[in-house]
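For reference, the structure discussed in these notes is given below.
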Amino acid sequence: MRLKHSIPCIVLALTASCAVPSTPKRVSRSSIKTPNPKENTQNNSSVKNENSQKVQRVGKEIFVRQNIGDISKNDNTISYSAVVKSNLPGYNVSTQYLPSIAQNFRQKFIILHYTAIDDDTSLLALTQRNVSAHYLINAKEDNDIYLLVDENKRAYHAGISSWREDNNLNDNSIGIEIVNLGNKNGGQDMSAFQPFPEYQIKKVAALVKDLATRYNIKPQNIIGHSDIAPTRKPDPGPMFPWKRLYNEYGIGMWYNESDKNAELMRISSTENFTEPLSPSLILQFQKKLKDFGYDVLPSGSWDEVTKKTTLAFQYHFRPQKSDGALDAETFAILTSLIKKYPK
Ligand SMILES: [Zn+2]
602 MRLKHSIPCI VLALTASCAV PSTPKRVSRS SIKTPNPKEN TQNNSSVKNE
652 NSQKVQRVGK EIFVRQNIGD ISKNDNTISY SAVVKSNLPG YNVSTQYLPS
702 IAQNFRQKFI ILHYTAIDDD TSLLALTQRN VSAHYLINAK EDNDIYLLVD
752 ENKRAYHAGI SSWREDNNLN DNSIGIEIVN LGNKNGGQDM SAFQPFPEYQ
802 IKKVAALVKD LATRYNIKPQ NIIGHSDIAP TRKPDPGPMF PWKRLYNEYG
852 IGMWYNESDK NAELMRISST ENFTEPLSPS LILQFQKKLK DFGYDVLPSG
902 SWDEVTKKTT LAFQYHFRPQ KSDGALDAET FAILTSLIKK YPK
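If you want my numbering, it's the 1-based position in the sequence shown plus 601.
This is the structure:
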């Protein structure tokens, strides 16, 4: 699109002829701070090669022209990358960015993984096979963090996946693979999994914090592979320190202890958690899992999907006792999380 053709499109937006969902931000004239008073004397001002130009008049209408790449706007449109555009022989594709206010980032989730293989094999697999992630955190005590896929492109890390209203999370997530050998003997308890060294946790925390800030990603959208694919994937597993990340770095979700204890008292006095569990209790729990974000079909029966989802939930929020069984504390933690992070 030629630069000179961009301007009529802005004008058309005033009359809703550009099929845009909302018109540009309209402001009262008295509230406008005009960098150049002469601009306000023009009836149909043209877009100039001045990033400082904030205001444009088109007929009687006044529009704010702001650089949405400005971090101070805190409008979920912060970008440090180059603008990707067509470069067509014979056409003047604008090298000046004329940012629309009607845009946001596609990155909505941060998904954490472990590779279950060592450093060299991880790098090979994630760069030379049909699987990838945006970032790879190695297991070495150094300052390296590897970028494998441009943040603006899709990486193949999530697979068939679901969280709350979203499916196929490769489309709108940043994937971070952490080199960790995972579950070495196939057991479910903590001792089957490998710990994450301190220097690796610090790298993960710094990277997730930066991504979450730049893309304004909600705490409830910073989750593990096991959360979005609980029937298929255990990673990042019960050794991953979600609670520490929340407490020490403000990353992701954690429940309020007081909410959990109150719910624990309530549910323990009203429900019986000894086997066999009643269909009504199972149904309540399944509805809560679904309400929180997991892809569970409430049926009232303790099926394989519910069991694996319960295990995934425990890996994240009650790792010290990850057995895939429904007990009062698991129920209470889930309830308190829904209260704190409603859809
Ligand atoms: Zn994974």
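Every residue, glycine too, gets a C-beta built ideally from N, C-alpha and C.
Bridge-paired residues (DSSP) for residue i
i      : result
TRP764 : ASP767
PHE710 : SER774
ASN784 : PHE794
TYR715 : ILE779
TYR747 : LEU737
Between the CA atoms of residue j and residue i - distance to the nearest angstrom
i      : j      : result
ILE829 : PHE710 : 11 Å
ILE802 : ASP892 : 30 Å
VAL628 : GLY783 : Residue confidence for VAL628 is low, a pLDDT of 33 falling below 50, so the modelled location carries little weight; the figure read from the coordinates is stated next. In a straight line, the C-alpha of VAL628 is about 55 Å away from that of GLY783.
ASN652 : GLY853 : The predicted position of ASN652 is uncertain, since its pLDDT is 39 and thus under 50; a value taken from the coordinates is nonetheless stated next. Their backbone Cα atoms lie some 36 Å apart in a straight line.
GLN667 : ASN705 : Low confidence applies here, because GLN667 scores a pLDDT of 47, under 50, leaving its location unreliable; read the following figure in that light. Using only the alpha carbons, I get a separation of about 14 Å.
LYS861 : ILE934 : 5 Å
ASN768 : LEU898 : 15 Å
ASN731 : ILE761 : 15 Å
SER870 : GLU864 : 10 Å
ASP745 : ILE738 : 8 Å
GLN708 : TYR757 : 14 Å
GLN729 : MET791 : 32 Å
LEU812 : ILE818 : 8 Å
ILE679 : VAL694 : Note that ILE679 scores a pLDDT of 46, beneath 50, so its modelled location is shaky and nothing firm can be said.
LEU938 : GLY894 : 11 Å
PRO820 : SER881 : 31 Å
LYS909 : ASP772 : 24 Å
ASP904 : GLY838 : 22 Å
MET602 : ALA926 : A caution first: MET602 carries a pLDDT of 31, below 50, which makes its placement in the model too unreliable to give a value.
TRP843 : TRP855 : 8 Å
MET866 : LYS941 : 18 Å
LYS626 : PHE797 : Because LYS626 sits at a pLDDT of 36, beneath the cut-off of 50, its placement in the model cannot be relied upon, and the point is left open.
LEU720 : SER763 : For the record, residue 720 in the displayed sequence is Asp; it is not Leu. So the alpha carbons of these two residues sit roughly 28 Å apart.
MET840 : THR911 : 16 Å
PRO831 : HIS735 : 21 Å
ILE868 : LEU770 : 34 Å
ASP836 : ALA793 : 13 Å
HIS714 : SER733 : 11 Å
GLN887 : PHE932 : 10 Å
ASN675 : THR814 : Because the pLDDT at ASN675 is just 43, under 50, the model does not fix this residue reliably, and the point stays unresolved.
THR936 : SER859 : 12 Å
THR722 : LEU748 : 16 Å
N- and C-terminal bounds of the alpha helix (DSSP H) containing residue i
i      : result
GLU589 : Only positions 602 to 944 of the chain appear in this structure, which leaves residue 589 out of reach.
TYR736 : Careful: TYR736 lies outside any alpha helix (DSSP H), inside the beta strand (DSSP E) at 736-738.
ALA929 : 929-941
PHE914 : 905-918
ASN848 : 843-850
LYS861 : 858-871
LYS726 : Reading the sequence as shown, one finds Ala at residue 726 and not Lys. Note, ALA726: alpha helix (DSSP H), 720-729.
Contact test: residue i Cβ vs ligand 1 heavy atom, cutoff 6 Å
i      : result
HIS714 : yes
LYS834 : yes
HIS917 : no
HIS735 : no
Endpoints, the beta strand (DSSP E) within which residue i is located
i      : result
TYR895 : Neither: TYR895 is in no beta strand (DSSP E) and is coded neither H nor E.
ILE824 : 823-825
CB contact check: residue i to chain D, cutoff 7 Å
i      : result
LYS888 : Absent from the structure: chain D. Only one protein chain is present.
Legend entry - Stretch pair the region 916-924 + the region 811-828: three plus CB contacts closer than 8 Å: yes
Inset, instruction - Assess, as a yes-or-no matter, whether the region 765-780 is touched by the region 803-810 under the definition of 3 or more beta carbon pairs within less than 8 Å. - result: yes
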